[in-house]
Amino acid sequence: MLPVFSDRRVDWPSHPYSTRDSLHEHDMWVAEGLTHRYPTKVLAELLSTCPQYCGHCTRMDLVGNSTPVIPKLKFDLKPVDRYDAMMAYLRATPAVRDVVVSGGDVANMPWKNLEAFLDRLLEIDNIRDIRLATKALMGLPQHWLAEDVVDGVGRVAAKARERGVSLAIHTHVNSAQSVTPAVAAAARAMLDAGVRDVRNQGVLMRGINDSVTQLLDLCFALQDEAWITPYYFYMCDMIPFAEHWRLSLAEAQRLQHDIMGYLPGFATPRILCDVPFVGKRWVHQVDTYDKELGMSFWRKNYRTSIEAADTEALSREFVYYDPIYTLPESGQAWWREHGELDAANAAAEVRATASREASIAQLV
Ligand code: SF4
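Here the sequence shown is numbered in the numbering used here, starting from 3 and rising by one per residue.
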């Protein structure tokens, strides 16, 4: 959480196609702060602050205040108007059944305001899953142990249960050392208050949890000591200054392969690549993969909210890029030459080269 220059790579500190909103969540806002990226689920960004600020934050464009050199995305509407607009969209869109209530971190919101929002969500018939996203369960477990918060979660959980809605907490723990007794107590308090599950969505990061031992240690600490289900590990997104943490797809696939069989199936985390304009994909779902240039190509089976009229959305290939320093020398040389191309051109060029090479191979 403390940016240290000596951590950063000096050759490729950022991937040439990294962007501050690499998942284009802002482009998919259907109301301010409400991202509709999947057919049946939405992300509600209630606030733009966190009790901690992660260097690998996928929402780095929104989360935190502007700095002297980086102007950040800002909410224009007042919170009350923003939440009204979200509710109006959810009431008018019965296909949505699942809301991730996030930020920032919901722990930074006064509990009474969060409870009021959750109560309104519970009044919408089509909402069947509510997930509260809070890294503070790990970073500031005292918040989730405070009496007013525990009592409030109990009230919301009871209401959710009565209405057949599944209320869960999703947290974000990346290393076994972070699973302290206080974290375990906070998770247990939430389960005792009636939430259906506390799940972990970690981020895969080089040097933190990129070995089988580190990953399994973390998962066993979560599962055995804190009763937090190891659920997902995301490959670190393609945001600026994250190259020193990011793994290649091949490395992530190998880790997924190597952790299988040790944990119960329901607690064996899936390692995911969040592919821009596609969404979460299990790392073995890749369509084609050019390991020399570090480009993986993915397809999808649904349209996002901005593709209703896009006839090619379901046949197009979407690209994700490996860190350049992990590539063989020939791939790195290619990037030194082509690093300034825009992403679409680069992908098109790779496909054209591949098809030229295939034609030549056929002729030979
Ligand atoms: S806790 Fe989550 S939203 Fe907050 S800075 Fe970290 S990654 Fe971003």
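Using N, Cα and C, we set each Cβ at its ideal position, and we do this for glycine too.
Quick caveat: nothing in here was measured; it's all calculated off a predicted structure.
Item to check | Where the alpha helix (DSSP H) through ARG10 begins and ends | outcome: Run containing ARG10: none; DSSP gives neither H nor E here.
Checklist entry - Out of curiosity, what's the CA-to-CA distance linking PRO278 and ALA191? => result Whole-angstrom Cα-Cα distance: 36 Å.
Next on the checklist: For GLU294 and HIS38, I'd like the C-alpha separation in whole angstroms.
Outcome noted: Spanning the two alpha carbons is a distance of roughly 34 Å.
Checklist entry - What do you get for TYR322, buried or exposed, if any count of 16 or more other CB atoms within 10 angstroms of its CB means buried? => result The residue is buried, with at least 16 neighbouring Cβ atoms inside 10 Å.
Checklist entry - ASN176 to ASP199, Cα distance in whole Å? => result Inter-residue distance for ASN176 and ASP199 is about 18 Å (C-alpha atoms, whole angstroms).
Checklist entry - In three-state terms, what does DSSP make of HIS38? => result Looking at HIS38 - three-state DSSP - the assignment turns out to be strand.
Checklist entry - Is ARG256 near VAL280, with beta carbons less than 9 Å apart? => result It is not a contact, given that the beta carbons lie outside the stated cut-off.
Checklist entry - In or out: PRO183 buried (at least 16 other Cβ within 10 Å) or exposed? => result Answer is exposed; the Cβ neighbour count stays below 16.
Item to check | First through last residue of the alpha helix (DSSP H) which encompasses ARG256 | outcome: For ARG256, the enclosing alpha helix (DSSP H) has its first and last residue at 251-261.
Item to check | Secondary structure of LEU295, DSSP reduced to three states | outcome: In this structure, DSSP gives LEU295 a state outside helix and strand, which the three-state scheme calls coil.
Checklist entry - Would the beta-carbon of TYR40 fall within 9 Å of that of TYR304? => result Yes.
Checklist entry - Taking the C-alpha atoms as reference points, what is the distance between HIS259 and PRO271? => result Approximately 11 Å between the Cα atoms of the pair.
Checklist entry - How about LEU49 and GLY141: are their beta carbons less than 9 Å apart? => result No; because the gap between Cβ atoms is not below 9 Å, this pair is not in contact.
Next on the checklist: I'd like the list of long-range same chain contacts for ARG358, defined as Cβ closer than 8 Å, with 5 residues on each side in sequence excluded.
Outcome noted: Note that ARG358 scores a pLDDT of 49, beneath 50, so its modelled location is shaky; the value from the coordinates is reported in the next line. The answer is none, since no qualifying residue turns up.
Checklist entry - Should MET62 be counted as a contact of ligand 1 given a C-beta to heavy atom distance under 8 Å? => result Within the cutoff, so yes.
Next on the checklist: Can you determine whether any heavy atom of ligand 1 sits closer than 8 Å to the C-beta of SER177, and answer yes or no?
Outcome noted: For ligand 1, not one heavy atom lies less than 8 Å from the Cβ of SER177.
Checklist entry - Helix, strand or coil: how does DSSP classify SER180 here? => result Helix at SER180.
Item to check | Local Cβ density within 10 Å of MET3, reported as buried at 16 or more and exposed below that | outcome: It counts as exposed.
Next on the checklist: With DSSP as the reference, identify every bridge partner of LYS282, one or two as the case may be.
Outcome noted: Per DSSP, the beta-bridge partners of LYS282 are ASP276.
Item to check | contact_flag[the region 233-253, the region 13-28] where n(CB pairs < 8 Å) is 3 or more | outcome: Enough Cβ pairs lie closer than 8 Å, so yes.
Checklist entry - Using 8 Å as the Cβ pair cut-off and three pairs as the minimum, do the region 122-129 and the region 61-77 touch? => result With the cut-off at 8 Å, the region 122-129 and the region 61-77 do not touch.
Next on the checklist: If contact is defined by three or more beta carbon pairs under 8 Å, each pair taking one atom from either stretch, is the region 51-61 in contact with the region 99-113?
Outcome noted: Contact holds: three or more Cβ-Cβ distances are below 8 Å.
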